[in-house]
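Residue numbers (the numbering used here): 114 to 265. To keep things clear, I will list the structure first and then write my remarks on it.
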Ligand SMILES: [Zn+2]
């Protein structure tokens, strides 16, 4: 291995961290909060990301931190594929870099708010949560074998 290739590797690593810095910073803050509240079940290093399994039904992908769970939430079903779904969001983060929070975070948050609002009326989880942007895209990227409502 030449000095040049080592330097190039370090530069690539630093560029990758800078590219996703806004969401990774929020991820680091969220990680500290989850550690403090005792919400972390397990931490693993996989596919260049830090996977954090949470005890509750919270799940979010923030840059290099992938928070996932298998515990269902009352407003949105988490199901057995949450880890791969959140990894799909991590791939979106890698693709979109500094615009990830605007392009994926904002519409995803709006979908959660919609799910919460409809739960107040129906008292059921929203089955359509994963069927629209950016959730269906995260499913595809993560290889989630979720069946759509239309296929049921
Ligand atoms: Zn999602």
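Backbone N, C-alpha and C define an ideal beta-carbon position, used for all residues, glycine too.
- In the structure shown, the three-state DSSP call for residue 157 is strand.
- Looking at the DSSP output, residue 167 shares a beta bridge with 153.
- In the DSSP secondary-structure assignment, residue 178 is bridged to 163, 175.
- Under the DSSP assignment, residue 200 falls in the alpha helix (DSSP H) whose first and last residues are 195–209.
- Following the DSSP letters along the chain, one finds residue 183 in no alpha helix (DSSP H), marked with neither H nor E.
- Counting only residues of its own chain and dropping the five nearest sequence neighbours on each side, residue 249 has a CB closer than 7 Å to the CB of 243.
- Ranked by Cα distance from residue 174, the first of 139, 190, 192 is 139.
- When the beta-carbon positions are compared, residue 144 and residue 196 stay at least 8 Å from each other.
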